[in-house]
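Here is the structure we will look at.
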Amino acid sequence: MIQAIVFLPLIGALIAAIIALAGAHARHPSGDTMDHGDHGHGHAAHGHAAHGHAADAHAHDAHAHDDHGHDDHGHGPVEPAAFGSRTTEVITTALLMISCALSWVTLVDVGFMHHDARVALFPWINSGDLQVAWALRVDTLTAVMLVVVTTVSCLVHLYSIGYMHEDPHRPRFFGYLSLFTFAMLMLVTADNLVQLFFGWEGVGLASYLLIGFWYQKPSANAAAIKAFVVNRVGDFGFALGIFAIFMLVGSTDFDTIFAAAPGLTGKTINFFGWNADALTLTCLLLFMGAMGKSAQFLLHTWLPDAMEGPTPVSALIHAATMVTAGVFMVARLSPLFELAPNAQAFVMLIGGTTALFAATIGLVQNDIKRIVAYSTCSQLGYMFVAMGAGAYSVGMFHLFTHAFFKALLFLGAGSVIHAMHHEQDIRHMGGLKDKIPFTYIVMVIGTLALTGFPLTAGYFSKDAIIESAYVSHNPMSFYGFLMTVVAALLTSFYSWRLIFKTFHGEPHDRKHYEAAHESPLTMTIPLFVLAVGALAAGYPFKELFAGHGVEEFFRNSLKMHPGIIEEMHHIPAGIAYLPTVMMAVGFLVSWMFYIRRPYLPVELATQHPLLYNFLLNKWYFDELYEVIFVRPAKWIGRQLWKKGDGMLIDGLGPDGVSARVLDVTRGVVKLQSGYLYHYAFAMLIGVAGLITWFMLGGGGR
Numbered sequence: 001m002i003q004a005i006v007f008l009p010l011i012g013a014l015i016a017a018i019i020a021l022a023g024a025h026a027r028h029p030s031g032d033t034m035d036h037g038d039h040g041h042g043h044a045a046h047g048h049a050a051h052g053h054a055a056d057a058h059a060h061d062a063h064a065h066d067d068h069g070h071d072d073h074g075h076g077p078v079e080p081a082a083f084g085s086r087t088t089e090v091i092t093t094a095l096l097m098i099s100c101a102l103s104w105v106t107l108v109d110v111g112f113m114h115h116d117a118r119v120a121l122f123p124w125i126n127s128g129d130l131q132v133a134w135a136l137r138v139d140t141l142t143a144v145m146l147v148v149v150t151t152v153s154c155l156v157h158l159y160s161i162g163y164m165h166e167d168p169h170r171p172r173f174f175g176y177l178s179l180f181t182f183a184m185l186m187l188v189t190a191d192n193l194v195q196l197f198f199g200w201e202g203v204g205l206a207s208y209l210l211i212g213f214w215y216q217k218p219s220a221n222a223a224a225i226k227a228f229v230v231n232r233v234g235d236f237g238f239a240l241g242i243f244a245i246f247m248l249v250g251s252t253d254f255d256t257i258f259a260a261a262p263g264l265t266g267k268t269i270n271f272f273g274w275n276a277d278a279l280t281l282t283c284l285l286l287f288m289g290a291m292g293k294s295a296q297f298l299l300h301t302w303l304p305d306a307m308e309g310p311t312p313v314s315a316l317i318h319a320a321t322m323v324t325a326g327v328f329m330v331a332r333l334s335p336l337f338e339l340a341p342n343a344q345a346f347v348m349l350i351g352g353t354t355a356l357f358a359a360t361i362g363l364v365q366n367d368i369k370r371i372v373a374y375s376t377c378s379q380l381g382y383m384f385v386a387m388g389a390g391a392y393s394v395g396m397f398h399l400f401t402h403a404f405f406k407a408l409l410f411l412g413a414g415s416v417i418h419a420m421h422h423e424q425d426i427r428h429m430g431g432l433k434d435k436i437p438f439t440y441i442v443m444v445i446g447t448l449a450l451t452g453f454p455l456t457a458g459y460f461s462k463d464a465i466i467e468s469a470y471v472s473h474n475p476m477s478f479y480g481f482l483m484t485v486v487a488a489l490l491t492s493f494y495s496w497r498l499i500f501k502t503f504h505g506e507p508h509d510r511k512h513y514e515a516a517h518e519s520p521l522t523m524t525i526p527l528f529v530l531a532v533g534a535l536a537a538g539y540p541f542k543e544l545f546a547g548h549g550v551e552e553f554f555r556n557s558l559k560m561h562p563g564i565i566e567e568m569h570h571i572p573a574g575i576a577y578l579p580t581v582m583m584a585v586g587f588l589v590s591w592m593f594y595i596r597r598p599y600l601p602v603e604l605a606t607q608h609p610l611l612y613n614f615l616l617n618k619w620y621f622d623e624l625y626e627v628i629f630v631r632p633a634k635w636i637g638r639q640l641w642k643k644g645d646g647m648l649i650d651g652l653g654p655d656g657v658s659a660r661v662l663d664v665t666r667g668v669v670k671l672q673s674g675y676l677y678h679y680a681f682a683m684l685i686g687v688a689g690l691i692t693w694f695m696l697g698g699g700g701r
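The UniProt record's numbering numbers the first residue of the sequence shown as 1 and each following residue consecutively.
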């Protein structure tokens, strides 16, 4: 069964690839499969070229669109749908539905029936001491991730049928979605670090393809490259961590590593002349990979720009794949992190900082997708706070509930964009609750879950994280607790700001408002299912993830900090109610700002322009990295190109040798004048020279 869950999406991706190639060949039988026709109606034609990633933030916020890569604005003829589009949609979605159903069966079988399994597929690498077999590891942690990935991916596939119906390249899109899902499934079922790294890099590749799906759009290409490059920074640390584990243990197999982990305490590694604690250094290097993949503070800059991809891609990246990979990896390696308290302190530091940092930026963003994107960044920080506290099951609980309400918010935002004819700026919206009431209801449900309204899914998991930070013995526990409590207030404020500015008040764009309409069934059915999950995925699972049933449910798949779950149930009532109070305060302030007195935000922005611009420009991280890393790298590259390659290599190499050969050739050519008296004169000089040599005694020797 596990083989079907993992490989059905791959089969769908291969079928989609074959159909896409066949369609490309049908359109261009001469062999030129480039979609030249797209350039007449692609995104660049809609004014998107100005939507850069750093200095162009204001232009992006001022007029953002998600226009599906098609043109119905009179910019040119609409390209017909690719060959086999409907077939691809049906096949890939059906295969994901089967995989999703099997995943829920696996969760029951493994989580409740305790039927853990390891399915060996084939030997993979046999090189010296490195022995790697390809196998699928199925325990409770894997089963939870299988449910999250396949459920959200299945619903995203179904939603995309309606959302992408005008895009002429749907086979390629659905192929990428299925490939993305397969890569994530390979990651979560990995039985060793090498196999996990394979899935890790596969997720990075698929995200690059999907973020840059509309490749005619310069900003989409830039965002895809940015995501790929920033993740490589984290992956470099992750690879070093894998090397360190192999050097210490002699294996990359999880069971071998976990068995040897206690014996590594006290050992040191010489790292660039520094004798570092082996476990601490290894865990920090591994966490560096998680920082990149899960968009944590310092390596977060790629995540907002990833919104350049189609909205279903955003939902899949933020809810079930890519960003959750880092959280899963730390949970999988919990036996190592539990033995490295200093690394855990760093994890909590970064998680708490990210939770607050991303929430502050979300306060002033105007692009509906970017607001939700920064909430993802912040919520991932919450998950890492739980990991740093040693409450790994609590972090996984929030990952589980977050998948439902975050996918709901992104797909709901896509429904708004669809209704508003691809408008994304909330300043151009308003009053939409009467035009798209179903979308309004599900967006409110998603917002309630995100802000932690009592009895919603987010309420149980988010409050559990704050409680775990409070009772943790981590040196950074108070910092993590304080950051998450303040972030809860900010999250409530900007989440309700999105709802109030989008659905309440007066319409700001009458033309789009009048044309607004509810989305088709293929888009509303996934929204309904996710809304049910956002409401009901918390309470039924609370005991399994954050209660007394944790040990029996997760068994050996997680290594929990001793006693932390018990301590969470004995915190003071004031601490337990604090997140709910902060959520209520955030709602009231947002209501006051955007419903009761809508002139207040403009006044505050005018009175505090430095703070407003600081937050609007995302703490100027893009500009800072541009100065520190990008410009020096470009300068070095330019110098190596012009002076190193041009002057040194080419100058002394091909250009130098060829130039000297030409000089010698020109000199020799000049000696051949073609006049007889020149040759006679040369002969005379030669004879005179020979006679002189003989007279001076040269001939007598």
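Positions of the beta carbon are idealized from the N, C-alpha and C atoms, including for glycine.
Rounded to whole angstroms, what is the Cα-Cα separation between residue i and residue j?
{"i": "Val-78", "j": "Ser-85", "result": "Note on Val-78: pLDDT 49, under 50, position unreliable in the model; no value is reported."}
{"i": "Gly-395", "j": "Val-385", "result": "8 Å"}
{"i": "Ala-143", "j": "Met-420", "result": "39 Å"}
{"i": "Met-476", "j": "Gly-202", "result": "34 Å"}
{"i": "Phe-577", "j": "Ile-636", "result": "For the record, residue 577 in the displayed sequence is Tyr; it is not Phe. Whole-angstrom Cα-Cα distance: 55 Å."}
{"i": "Asn-231", "j": "Ser-492", "result": "29 Å"}
{"i": "Gln-365", "j": "Leu-616", "result": "6 Å"}
{"i": "Gly-656", "j": "Val-229", "result": "37 Å"}
{"i": "Gly-52", "j": "Phe-357", "result": "With a pLDDT of only 37 at Gly-52, under 50, the local geometry of the prediction cannot be trusted, and the value read off the model is given with reservation. Each residue's alpha carbon lies about 22 Å from the other."}
{"i": "Pro-168", "j": "Ala-224", "result": "21 Å"}
{"i": "Val-233", "j": "Val-110", "result": "36 Å"}
{"i": "Thr-353", "j": "Glu-514", "result": "43 Å"}
{"i": "Phe-614", "j": "Ile-242", "result": "38 Å"}
{"i": "Pro-335", "j": "Leu-279", "result": "11 Å"}
{"i": "Leu-498", "j": "Thr-606", "result": "21 Å"}
{"i": "Val-194", "j": "Pro-312", "result": "30 Å"}
{"i": "Val-442", "j": "Val-6", "result": "31 Å"}
{"i": "Asn-342", "j": "Lys-618", "result": "29 Å"}
{"i": "Val-330", "j": "Ala-290", "result": "7 Å"}
{"i": "Leu-490", "j": "Leu-588", "result": "12 Å"}
{"i": "His-36", "j": "His-165", "result": "Caution applies to His-36, whose pLDDT of 43 falls short of 50 and renders its modelled position unreliable; the value that the coordinates give is listed next. Using only the alpha carbons, I get a separation of about 20 Å."}
{"i": "Ser-314", "j": "His-25", "result": "30 Å"}
{"i": "Ser-495", "j": "Leu-624", "result": "28 Å"}
Would you mind stating whether residue i and residue j have Cβ atoms separated by less than 9 Å?
{"i": "Leu-316", "j": "Phe-180", "result": "yes"}
{"i": "Ala-355", "j": "Met-483", "result": "yes"}
{"i": "Ala-531", "j": "Lys-435", "result": "no"}
{"i": "Thr-456", "j": "Ala-534", "result": "yes"}
{"i": "His-318", "j": "Phe-410", "result": "yes"}
{"i": "Met-560", "j": "Tyr-374", "result": "no"}
{"i": "Gln-344", "j": "Asn-474", "result": "yes"}
{"i": "Gly-12", "j": "Ser-178", "result": "yes"}
{"i": "Met-348", "j": "Gly-480", "result": "yes"}
{"i": "Ser-519", "j": "Thr-439", "result": "yes"}
{"i": "Phe-460", "j": "Lys-542", "result": "yes"}
{"i": "Thr-106", "j": "Ile-19", "result": "no"}
{"i": "Ala-239", "j": "Phe-197", "result": "yes"}
{"i": "Ala-359", "j": "Ala-464", "result": "no"}
Could you pull the start and end residues of the beta strand (DSSP E) that residue i belongs to?
{"i": "Asn-275", "result": "274 to 277"}
{"i": "Val-364", "result": "Where Val-364 is concerned, there is no enclosing beta strand (DSSP E), given that its DSSP letter is neither H nor E."}
{"i": "Val-132", "result": "130 to 138"}
With DSSP as the reference, please indicate the residues paired to residue i in a beta bridge.
{"i": "Pro-123", "result": "Ala-133"}
{"i": "Phe-271", "result": "Trp-274"}
{"i": "Asn-192", "result": "Asp-253"}
{"i": "Arg-118", "result": "Arg-137"}
Could you check whether the Cβ of residue i sits closer than 8 Å to any heavy atom belonging to the ligand COA?
{"i": "Gly-644", "result": "With respect to small molecules bound, the structure shown includes none, and the ligand COA cannot be examined in it."}
Following the continuous alpha helix (DSSP H) through residue i, name the residue where it begins and the one where it ends.
{"i": "Ala-546", "result": "542 to 546"}
{"i": "Asn-474", "result": "Here Asn-474 belongs to no alpha helix (DSSP H), and DSSP marks it neither H nor E."}
{"i": "Leu-316", "result": "311 to 319"}
{"i": "Val-110", "result": "No alpha helix (DSSP H) contains Val-110, which DSSP labels as neither H nor E."}
When the Cβ atoms of the region 392 to 401 are set against those of the region 300 to 312, are three or more pairs found closer than 8 Å?
no
Would the region 407 to 421 count as touching the region 458 to 473 if we require 3 or more Cβ pairs under 8 Å?
no
Any chance the region 178 to 192 sits against the region 553 to 563, with 3 or more Cβ pairs inside 8 Å?
no
Any chance the region 200 to 217 sits against the region 256 to 273, with 3 or more Cβ pairs inside 8 Å?
no
So does the region 514 to 528 actually touch the region 376 to 392, counting three or more Cβ pairs closer than 8 Å?
no
Does the pairing of the region 153 to 162 with the region 86 to 93 give three or more beta-carbon distances under 8 Å?
yes
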